[in-house]
Amino acid sequence: LTVNDTLRDTIHPVICAGARFDTNGHLGYAPASGQNYGPYYRQGVYTQHLRTPDSCFFNLVIDLTVNDTLRDTVHREVCAGASFDTNGVEYYFPGYHTQRHRDPDSCFRNLVVHLSVRDTIRDTIHREVCFGATWDTNGVTYSQTGYYTQYFRDSVTRCYRNLVIHLIVDPPIITHLYRTICMGEYYLFNRNFYIAQGDYSHLSVAANGCDSTTILHLRVLDTATVHVYDTIYNRFYAYRDTVYNQPGVYRHVVDRGLEGCDSVVVLHLLLCDSIKTVLYDTVCSDSAYLFNGERIIRSGQYKCHTFSALGCDSMVTLNLIMVDYPSLAVSDSGNYCNDGRATLKATTNGNYITWHSSPLDPSLVGQEHNATVFVSPTEYTIYTVVADSLYRAKRCVSTASVALNKASVVDARMMVAPDLLSVGNNPYRFADASTGEITQWRWHFFENDFDMVKLTLSDSVVWYNVSENTDSLLVRLVVANDYGCTDSVDKIMRLADGELWVPNAFTPDGQHNEVFRVGAYNITDYEISIYNRGGLLVFRSTNIDESWDGTHNGQKCIQGSYVYVITYRTKTNSNKMLKKVGSVLLVR
């Protein structure tokens, strides 16, 4: 008898929170009666009674471990405007942010990101400096009162920082002292004695630590004799409580008063006489003459009654002459293109004229004082003429100017395409080929009799359509530049005699030259006949645009040589019938 022991086995599964464990089919054992396989969700020890294939009992112990959902918190701090990146996600705003993802053991993990955003640091510095001094911070020097902003990274937080500097520059401290002493006295200032009149300065330090300047303005009163000169008017003169009615010299001693200094006044009295003054003056007409406080703008005699410096009657008579400016006009010849020699003419009623040029034109030297001069500018030159109007040594000047550029040579030329006049060639292209900095064009087109302009155009390149019955064309090009220089050129085009172009071979079955066609221009009364070697007429036409395809009565003609006979007239010689005979090779 063999007795099998009851089998026992223990397993230790691990699952994530929220998952389940199922032992269904474990080891291939069947459950005992009334048993099931789970599944199991919670952590703990479970026993299952199973039956083995040999019908013995099997006890399975399940020691289940349930891993909690992992939670972790990350604390980060960034500067304003920066971000924090984790697991491919960027965060900009402060607060708590949650991420949910799987760990390497396949369990979910909650990551809480606590983000702090550090504000931009703002700070204000108040500084005060003396006038002339500066204040330096972070390598920048400031010297004037005001608010200044610096933007830089903080060395500790590594965040940006706004620093506002409020700088006050104290104004210079200057104190003025006004003092008066009598001659022979002294004044104590900054431990120094001063006896001479003048300005003296002393530099010290003020309460705010800045330099302070004190300026002493010292006045020294003269105690010497003072002379007073005056006149007796209306037969009496009063001075310091004394009345005088006779001319003479009188002495007065002035005691110390408000000024504090004694002085002697010597009064010199004179007797008044009437003063008459006559003035003569001359001014230019655009000037105003100031007389007795008034502006005079016309010639004439003006009087002013006043008092002299001594208080006597004074009559001033002004005789004023206003001199007109001379009239002046300047003109130039307007055309100095051929030999580069321009004529300048000045018209004036002045006494004297002078020419000047800028820059200097050597051709003007020697003729500066002539009313008409001849110049040859080699560059842009301004010519100025000055006219004088001289009266009693008063010189009034008028000026006028004219500007000339260097002489310019204009050579008119044209190009025509096509350059042969023929029927059906319209339109014709006419292009300017002139030299000389051309800026203006004028095309004139004459047909047949050349007596009347058919069309006028203005451009450097023009197109022209010849009329149907035109046998001759005159084209005239007139060109000009900005300096007034012009030139012209003519071209006469005549209709050529009629002409034919007849090919000598063609290939009806080929890919090129499949038909026999005659080319012509200026042709009328056209007729063509084509014969084979036996003299049979295989093709005939009076239409110059009609071609032969190498057939006759719908049948292909054999390869070989064929004779053509062409009769025609030309438009230029319509009275004469022309004939052209030749052969053409038909190739198959």
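Per the working numbering, the very first residue in the sequence shown carries number -8; after that it's consecutive. Even for Gly, the Cβ is constructed at its ideal location relative to N, Cα and C.
Which residue wins for smallest C-alpha separation from residue i, given the options the options?
i    : options                   : result
T563 : R485, G510 and N504       : R485
Y32  : P353, T14 and V364        : T14
D478 : L(-2), T60 and Q431       : Q431
S305 : S318, V269, Q292 and V234 : V269
T56  : G72, I2, K445 and D481    : I2
G291 : M313, T89, R62 and F12    : M313
C275 : L381, R93 and V457        : L381
Y169 : P162, Y178, R420 and D161 : Y178
N460 : V493, S413 and R420       : S413
L106 : E68, E438 and Y517        : E68
S539 : Y293, S520 and F437       : For the sequence presented, residue 539 should be read as Trp rather than Ser. Answer by Cα proximity: S520.
G378 : G130, Y316, R404 and R420 : With the sequence shown as reference, residue 378 is identified as Ala, and Gly is not the correct amino acid for it. That would be Y316, whose Cα lies nearest to the Cα of A378.
V52  : L448, G137, T38 and D45   : T38
Y512 : I535, F436 and P494       : I535
K294 : W126, I288 and L309       : L309
A471 : D161, A403 and T533       : A403
W492 : E119, Y185, D54 and V572  : V572
P418 : V388, F441 and V457       : V457
S449 : S463, F421, G72 and N439  : F421
N566 : H543, I514 and S574       : I514
H88  : D94, R109 and H66         : H66
For residue i and residue j, I'd like the C-alpha separation in whole angstroms.
i     : j    : result
T128  : E176 : 54 Å
V592  : V321 : An answer regarding residue 592 cannot be provided, because it is not within the stretch -8 to 579 covered by the chain.
Y228  : S278 : 44 Å
S367  : S348 : 12 Å
N199  : V256 : 51 Å
L41   : F99  : 34 Å
L581  : G427 : Nothing in the structure corresponds to residue 581, since the chain is present only between -8 and 579.
T166  : L351 : 60 Å
N50   : T64  : 44 Å
L311  : F282 : 10 Å
V104  : R91  : 11 Å
Y371  : I159 : 58 Å
Y553  : L527 : 10 Å
I557  : A424 : 43 Å
Y280  : Y271 : 12 Å
D(-4) : R62  : 47 Å
F84   : N78  : 17 Å
I156  : Y133 : 9 Å
V509  : K445 : 34 Å
I266  : V307 : 8 Å
L410  : K547 : For the record, residue 410 in the displayed sequence is Asp; it is not Leu. Distance between the alpha carbons of D410 and K547: 43 Å.
L569  : Y555 : 14 Å
L(-8) : C47  : 15 Å
F122  : S195 : 14 Å
Along the beta strand (DSSP E) that carries residue i, what are the first and last residues, could you check?
i    : result
W432 : I429 to E438
I156 : Y151 to V160
C173 : I164 to C173
K336 : A333 to T339
E490 : E490 to W492
S349 : Y343 to S349
N101 : F99 to R109
E119 : I112 to V120
I514 : I514 to Y522
L319 : L319 to D323
V376 : T372 to Y382
C252 : Segment: none, C252 is in no beta strand (DSSP E) and carries neither H nor E.
Q135 : Note, Q135: premise wrong, no beta strand (DSSP E); not H, not E.
Q90  : G86 to R93
N183 : N183 to Y185
L395 : K385 to L395
Q358 : Where Q358 is concerned, there is no enclosing beta strand (DSSP E), given that its DSSP letter is neither H nor E.
I206 : D202 to L212
Who are the near neighbours of residue i in its chain, counting only those whose CB is closer than 6 Å to its CB and skipping five residues on each side?
i     : result
I373  : S349, S392 and A394
L(-2) : F49
S389  : Y316, P317, L319 and A378
S354  : V366 and S367
V217  : S254 and V256
Take residue i and list the residues in its own chain whose beta-carbon comes closer than 7 Å to its own, dropping the five residues that flank it on each side.
i    : result
T369 : K397
V578 : A496, T498 and Q550
E285 : none
G189 : L209
Leaving out five residues on either side along the sequence, give the residues of the same chain with a beta carbon under 8 Å from the beta carbon of residue i.
i    : result
S192 : T204, T205, I206 and L207
C328 : A398, S399, V400, V401, Y474, G475, C476 and T477
D112 : For the record, residue 112 in the displayed sequence is Ile; it is not Asp. Cβ within range, chain order: D145, T148, C150, Y151, R152 and N153.
Taking 8 Å as the CB-CB limit, is residue i close to chain C?
i    : result
E428 : Considering every chain present, this structure includes no chain C. It has just one protein chain.
Just to confirm, does residue i get its C-beta within under 7 Å of one of the non-hydrogen atoms of the ligand NAP?
i    : result
S107 : Here there are no bound small molecules, and the ligand NAP is not part of this structure.
Completely contained beta strand (DSSP E) runs for the region 499 to 572, where each covers 3 or more residues = Unbroken beta strand (DSSP E) runs of no fewer than 3 residues, entirely contained in the region 499 to 572, are found at 510 to 512, 514 to 522, 528 to 532 and 551 to 561, following chain order.
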